[in-house]
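Trainee: Can you keep this structure in mind? I'll have questions shortly.
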Ligand SMILES: Cc1cc2nc3c(=O)[nH]c(=O)nc-3n(C[C@H](O)[C@H](O)[C@H](O)COP(=O)(O)OP(=O)(O)OC[C@H]3O[C@@H](n4cnc5c(N)ncnc54)[C@H](O)[C@@H]3O)c2cc1C
């Protein structure tokens, strides 16, 4: 029997392998790196059923344009002559309207809620994973009146869609953060959100899947496919040919290149971001987004991770220290008493969020193929959504009904 080949061993690939392995399917994960260079280990680890609005939303265009002139801003597109980037930007602008956002909300919400449920099940089933999963919600803290207005409007929208959202005053903030000042006009608390340690999750899944018989071919790059009619019969790698029963593309920011080898278009750009760990002193208690700067704050007791910035970077992985500075400077702007240190070069983590132009993932069968599935493009929510989209792809693989509706994630929408 030939195996199902998963191309890409990031968190999306690993959760896909997890659910296929549960179904008794023989799985091989292929990755071009030694599994240390992806987007899945140093991110902010937030599980966010509240994130029902995709990146491509009406306000992003005007904000994006004003941010583009600052090298420390949260969102940046380095202007360059690149046809792929131009096409992606055009599709992003087309998608950033209210009608598209309203269409996306129920799909994203249901996928996210399923994922949160699966994380709680996963934590119960694998207490040894030590995920540091904290169900304390996510706080959106704001300093300006303009952002307060946006966040409060968002809180009403979230409630309209059945999600919990509380509006906190500066007095409430003092109770949430008793150890230091959080300099903000207020915050919206989203109690249904959670956060975990993404490195612990990734390390556990990697080890667990190997123990369960999933094969890993690391340092192996997929360079082409052998096709027969509407099927892929084998995957060509720089180490040779591997026969395949089915193929699943989980290549993150590189998935567009894999799709191109198969003859269809899957617009994708890497949204580069950075993070660094610090000693948590004085201790910040609450997972928070510093909204004006879009910096994520993920506390894990004695340590804390700060992460952020989104630079539409294709697949360029170089580190821009000025953008890291933007994250660093935000810390004391919101927490003046926190003992922030600028991270040394080797301590800066970087990752490329796989961004589709409309901010929605691609989940389902590849156009014109009967044995190729795609699970990619989760943008800023890959950790949050990986269990649900992995489970759905395993269901499609087994020709079962999917646990939630996936029409909004159609793989061929730009093909
Ligand atoms: C600063 C930052 C903070 C974030 N915070 C959060 C958060 O709080 N919550 C959240 O849900 N998400 C967050 N994200 C986003 C999240 O990290 C990503 O969405 C997620 O990691 C994407 O996972 P992936 O498996 O799709 O891609 P990746 O992790 O990039 O994995 C793709 C893999 O495919 C492999 N590959 C590609 N092409 C080939 C090929 N041709 N042959 C073989 N292998 C190939 C690559 O080597 C790579 O290992 C954050 C991201 C950043 C940068």
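Numbering (our numbering), first residue to last: 810 to 1224. Glycine included, C-beta positions come from ideal geometry on N, C-alpha and C. Just so it is clear, the structure is predicted and the values come from calculations on it, not from any experiment.
Using DSSP's beta-bridge definition, name the partner residues of residue 1158.
Mentor: In the DSSP output, where bridge partners are listed per residue, residue 1158 has 1084.
Trainee: Given 8 angstroms as the limit, is there contact between the segment 1129-1139 and the segment 1066-1079, that is, 3 or more CB pairs closer than that?
Mentor: No, the segment 1129-1139 does not touch the segment 1066-1079.
Trainee: Is the beta carbon of residue 993 within less than 7 angstroms of some heavy atom of ligand 1?
Mentor: Answer for residue 993: no, Cβ out of range of ligand 1.
Trainee: Of all the beta strand (DSSP E) runs that stay within the bounds of the segment 1050-1086, which reach a length of 3 or more residues?
Mentor: Within the segment 1050-1086, the complete beta strand (DSSP E) runs of at least 3 residues are 1055-1058.
Trainee: Are the segment 995-1014 and the segment 816-830 touching, with three or more C-beta to C-beta distances below 8 angstroms?
Mentor: The segment 995-1014 vs the segment 816-830: in contact.
Trainee: Given this structure, state the Cα-to-Cα distance separating residue 1221 from residue 991, to the nearest angstrom.
Mentor: So the two alpha carbons sit approximately 45 angstroms from each other.
Trainee: Would the beta-carbon of residue 1193 fall within 8 angstroms of that of residue 855?
Mentor: In this structure, residue 855 lies closer than 8 angstroms to residue 1193 by Cβ.
Trainee: Among 1055, 902, 1197 and 891, which one has its Cα closest to the Cα of residue 835?
Mentor: Per the Cα distances, 1055.
Trainee: Per DSSP, residue 1136 is paired with what?
Mentor: Residue 1136 pairs with nothing; no bridge assigned.
Trainee: With a cut-off of 8 angstroms, do at least 3 Cβ pairs link the segment 974-989 to the segment 903-922?
Mentor: Too few Cβ pairs lie closer than 8 angstroms, so no.
Trainee: Indicate, with yes or no, if ligand 1 has a heavy atom lying under 7 angstroms from the CB of residue 1112.
Mentor: False, no ligand heavy atom lies under 7 angstroms from that Cβ.
Trainee: With a CB to CB cut of under 7 angstroms and the five nearest residues on each side skipped, what residues in its chain are close to residue 1034?
Mentor: Correct list, in chain order: 1041, 1044, 1045, 1070 and 1071.
Trainee: What are the uninterrupted segments assigned as beta strand (DSSP E) that are 3 or more residues long and contained completely in the segment 811-838, given in chain order?
Mentor: Runs found: 813-816.
Trainee: How long is the line joining the alpha carbons of residue 1123 and residue 1188, rounded to whole angstroms?
Mentor: In a straight line, the C-alpha of residue 1123 is about 13 angstroms away from that of residue 1188.
Trainee: So, using beta-carbon positions, are residue 1065 and residue 1160 closer together than 8 angstroms?
Mentor: In this structure, residue 1160 does not lie closer than 8 angstroms to residue 1065 by Cβ.
Trainee: Got a sec: does ligand 1 put a non-hydrogen atom nearer than 7 angstroms to the Cβ of residue 1128?
Mentor: Not so, every heavy atom of ligand 1 lies at least 7 angstroms from the Cβ.
Trainee: Excluding the 5 residues flanking residue 841 on each side, which residues of the same chain have their C-beta closer than 6 angstroms to its C-beta?
Mentor: So the list reads 1030, once near-sequence residues are dropped.
Trainee: Does any heavy atom of ligand 1 sit closer than 7 angstroms to the C-beta of residue 1083?
Mentor: Answer for residue 1083: yes, Cβ within range of ligand 1.
Trainee: Any heavy atom of ligand 1 closer than 7 angstroms to the Cβ of residue 1148?
Mentor: Residue 1148: no, Cβ never under 7 angstroms from ligand 1.
Trainee: Would residue 930 be called buried (16 or more neighbouring beta carbons within 10 Å of its own) or exposed?
Mentor: Looking at its Cβ environment, which holds fewer than 16 other Cβ atoms inside 10 Å, residue 930 is exposed.
Trainee: Could you pull the start and end residues of the alpha helix (DSSP H) that residue 985 belongs to?
Mentor: First-last of the alpha helix (DSSP H) with residue 985: 979-985.
Trainee: Go through the segment 858-932 residue by residue and report every complete run of the alpha helix (DSSP H) that reaches 4 residues or more, in order.
Mentor: 867-876 and 892-904, all fully within the segment 858-932.
Trainee: Which residues mark the beginning and the end of the alpha helix (DSSP H) in which residue 1108 is found?
Mentor: Taken as a continuous stretch (DSSP letters only), residue 1108 belongs to no alpha helix (DSSP H), being part of the beta strand (DSSP E) at 1104-1109.
Trainee: Run the CB neighbour count on residue 927, radius 10 Å, all protein chains shown included, and call it buried at 16 or more, exposed below.
Mentor: Counting Cβ neighbours within 10 Å, residue 927 comes out buried, since at least 16 surround it.
Trainee: Shortest alpha-carbon distance to residue 1079 belongs to which of 934, 1149, 1163 and 1153?
Mentor: Comparing Cα positions, the closest option is 1163.
Trainee: Rounded to whole angstroms, what is the Cα-Cα separation between residue 883 and residue 811?
Mentor: So the two alpha carbons sit approximately 45 angstroms from each other.
Trainee: Whole angstroms are fine: how far does the CA of residue 915 sit from the CA of residue 864?
Mentor: Each residue's alpha carbon lies about 15 angstroms from the other.
Trainee: Expressed to the nearest angstrom, what Euclidean distance is found between the alpha-carbon atoms of residue 965 and residue 1104?
Mentor: Approximately 23 angstroms, taken between the alpha carbons.
Trainee: By Cβ distance, which residues of its chain are closer than 8 angstroms to residue 1227, with the 5 residues on each side in sequence left out?
Mentor: Here the chain covers residues 810 to 1224 and nothing more, so residue 1227 does not appear.
Trainee: Quick check on residue 1214: does DSSP put it in helix, strand or coil?
Mentor: It is coil, neither helix nor strand.
Trainee: Would you tell me roughly how many angstroms separate the C-alpha atoms of residue 1173 and residue 1023, rounded to the nearest one?
Mentor: Taking the straight line from one Cα to the other gives about 22 angstroms.
Trainee: Can you give the Cα-Cα distance for residue 932 and residue 1151, rounded to whole angstroms?
Mentor: Taking the straight line joining both Cα atoms gives about 34 angstroms.
Trainee: In terms of residue numbering, what span does the beta strand (DSSP E) encompassing residue 1174 cover?
Mentor: Residue 1174 -> beta strand (DSSP E) spans 1171-1174.
Trainee: Nearest-angstrom Cα distance between residue 1085 and residue 997?
Mentor: Straight-line Cα distance between these residues: approximately 25 angstroms.
Trainee: Residue 861 to residue 867, Cα distance in whole Å?
Mentor: Near 14 angstroms, if we compare the C-alpha coordinates of residue 867 and residue 861.
Trainee: Report back the beta-carbon spacing between residue 824 and residue 1061 to the nearest angstrom; my notes put them in contact at under 8 angstroms.
Mentor: Going by Cβ atoms, the distance from residue 824 to residue 1061 rounds to 13 angstroms, so no, they are not a contact pair.
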